[in-house]
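Student: In our numbering, the protein residues as written are 993 to 1563.
A virtual CB, placed ideally from N, CA and C, is assigned to each residue, including glycine.
1. What are the partner residues of residue 1114, as DSSP defines its beta bridges?
2. Can you tell me where the alpha helix (DSSP H) with residue 1338 in it begins and where it stops?
3. With a threshold of 16 other CB atoms inside 10 Å of the CB of residue 1022, please say whether the residue is buried or exposed.
4. Buried or exposed: residue 1302, going by 16 or more other Cβ atoms within 10 Å of its Cβ?
5. Inspect the beta-carbon positions of residue 1542 and residue 1093 and report whether they are closer than 9 Å.
6. If we call anything under 9 Å between Cβ atoms a contact, is residue 1188 one with residue 1174?
7. To the nearest angstrom, how far is the alpha carbon of residue 1157 from that of residue 1340?
8. Do residue 1449 and residue 1440 have their beta-carbon atoms positioned less than 9 Å apart in this structure?
9. Which residues in the same chain have their Cβ closer than 8 Å to the Cβ of residue 1486, if we skip the five residues on either side of it in sequence?
10. Going by C-alpha to C-alpha distance, which of 1508, 1195, 1226 and 1381 sits closest to residue 1306?
11. Which whole-angstrom value describes the C-beta separation of residue 1235 and residue 1359, a residue pair presumed to lie in contact below a C-beta threshold of 8 Å?
12. Out of curiosity, what's the CA-to-CA distance linking residue 1546 and residue 1243?
13. Within 10 angstroms of its Cβ, does residue 1428 collect 16 or more other Cβ (buried), or is it exposed?
14. Which residue's Cα is closest to the Cα of residue 1350: 1241, 1379 and 1539?
15. Name, in chain order, the residues that DSSP records as bridge partners for residue 1331.
16. Could you check what DSSP says for residue 1030 in three-state terms: helix, strand or coil?
17. Let me make sure I understand the geometry here. Which of 1018, 1442 and 1043 has the alpha-carbon closest to that of residue 1034?
18. Under three-state DSSP, which class holds residue 1420?
19. Look up residue 1020 in the DSSP assignment and give the residues it is bridged to.
20. Near residue 1114, what residues of its chain come up, given a Cβ to Cβ distance below 6 Å and the 5 sequence neighbours on each side ignored?
21. Using 10 angstroms around the beta-carbon of residue 1497, count the other beta-carbons present and answer buried if the total reaches 16, otherwise exposed.
22. Exposed or buried, what is residue 1117 when buried is set at 16 or more other beta-carbons lying within 10 Å of its beta-carbon?
23. Closest to residue 1029 by C-alpha separation, out of 1067, 1076, 1046 and 1069, would be which residue?
24. Is DSSP giving residue 1007 helix, strand or coil here?
25. Counting only the same chain and skipping the five closest in sequence on each side, list residues whose C-beta sits under 6 Å from that of residue 1090.
26. DSSP puts residue 1178 in a beta bridge; with which residues?
27. Return the residue from the list 1372, 1481, 1122 and 1502 that minimises the CA-CA distance to residue 1447.
28. Quick check: what's the CA-CA separation for residue 1313 versus residue 1191?
29. Which residues bound the alpha helix (DSSP H) around residue 1209?
30. What residue range is occupied by the uninterrupted beta strand (DSSP E) comprising residue 1555?
31. Exposed or buried, which one is residue 1138 when buried takes at least 16 other CB atoms within 10 Å?
32. How long is the line joining the alpha carbons of residue 1298 and residue 1066, rounded to whole angstroms?
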């Protein structure tokens, strides 16, 4: 017989003391540190402990007694449930102070390196509608808040398994409905449910109109929504991107029912032709070159192996035709969309890096602008999601990389003029993505060599160099620790400068060792996770000193912060 757990206490009248990691705040209770979400320093409240460990606990505010003076009114109707913008209740100036302190704490406590005076954090030019990309999940069961669950009628009043449409206004919000489909964001701790989003403030409002119209059309025309547990349902995911060039890309991810017919050898055209299989699909009116061709126009598109059923396509199935009709409706309703794409994802997850993506309307890419450069952004491309702030981030990285050294100090002026640079350096750009930084600094370098794991991104990087008339870049695709070796450096030259912009996990230890053996004069480390950046700085501290630190806020109303560090080779 198991013992029942002792109920955790309710702590009354506690004062929230400080901001903690992951957007939470903290206070001390005896020797315990208690972490609490959805509050700000200075709040006086009652906190119910939900989890207790040896040295820390986690709690939930059940009543606010007095609000802090350091508090802002959240502007989003989904704040407190959606976990995207956890700091909307903090004034932006306070957010910047906490982020700057976060960078300092992590570099000192984790990195344990000597630091120069910090540059003030660069705040975002826009704090709303600053993103250029959002990804929305689709689910046949929407997430219900605690208040909505309590408002549901008793179980006998609803037929089991029957979707409830009562309370569905024209805007599409569904209240009091437990098994109603939704398009929105995933909820932490409820992986198979989606919080329906009516209006998100992270991106231009057109994206709200597109997302909500996809949802409303799907409900009106009986398109099934994805059931993550059962791995069934047609409408699975929606990605929306835009750019400063005014272009919009929409990618709709479907999950067609699996083929019921075996793939017979007789239906094959020969193994040598499988990769080039195609299907003929209706062509959107918006992509026609002449009105006289609109009614009967078709286009030949590549056919994914996973979508083949003998010589036919699953797009010819009932669900496939529904999917194509949805695409046509969205193309007709939103002429602003310059790239409308779709795919059939039969995997257990929503990642599209290994999927074949088809173009329904327009091009298979959009262009982003930065200074006088144009960057091709495809459906699988990584590009910093805050375009305006990305320019400031990359400007800092370029300034650090190209700053001449004089009397042991780094001078930041005149970084845009090659004549002010003592020599044209050989630059390695690690984790180059689509080559944004590489092309951004190429005109001030002897040569730039970029390395990236994703092959499609490297192809885009090469195209970006061609588009911009840049001929002194080389790009290589592969795992960083396998590409960046001593032999590679011997073949391509010892770099004067290394720029590294790794993922949140930081750099692999083998990469750090190779960088140290390459011994560049300076390293520019761009990081989206100062904690792992601090770890890597510690590993390089015996050979490189931190010469400059510049935090950059790319994500207002979130606890995330980017940081750029300039490392100078020790004598």
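Tutor: Taking the definition as stated:
1. 1544
2. First-last for residue 1338: undefined, no H or E at that position.
3. exposed
4. The pLDDT assigned to residue 1302 is 30, lower than 50, so where the model puts this residue is not dependable; a value taken from the coordinates is nonetheless given after this. The residue in question, residue 1302, is exposed, as its Cβ has fewer than 16 Cβ neighbours within 10 Å.
5. no
6. yes
7. Only weak support exists for where residue 1157 lies, its pLDDT of 39 falling under 50; the value from the coordinates is given anyway. Between residue 1157 and residue 1340, the C-alpha separation is close to 29 Å.
8. no
9. 1418, 1510, 1511 and 1512
10. 1226
11. 6 Å
12. 24 Å
13. buried
14. 1241
15. 1241 and 1354
16. coil
17. 1018
18. strand
19. 1025
20. 1384 and 1544
21. exposed
22. exposed
23. 1076
24. strand
25. 1011
26. 1186
27. 1372
28. 29 Å
29. 1198-1212
30. 1554-1561
31. exposed
32. Because residue 1298 sits at a pLDDT of 36, beneath the cut-off of 50, its placement in the model cannot be relied upon, and the following sentence gives the value as read from the coordinates. Rounded to the nearest angstrom, the two C-alpha atoms are 45 Å apart.
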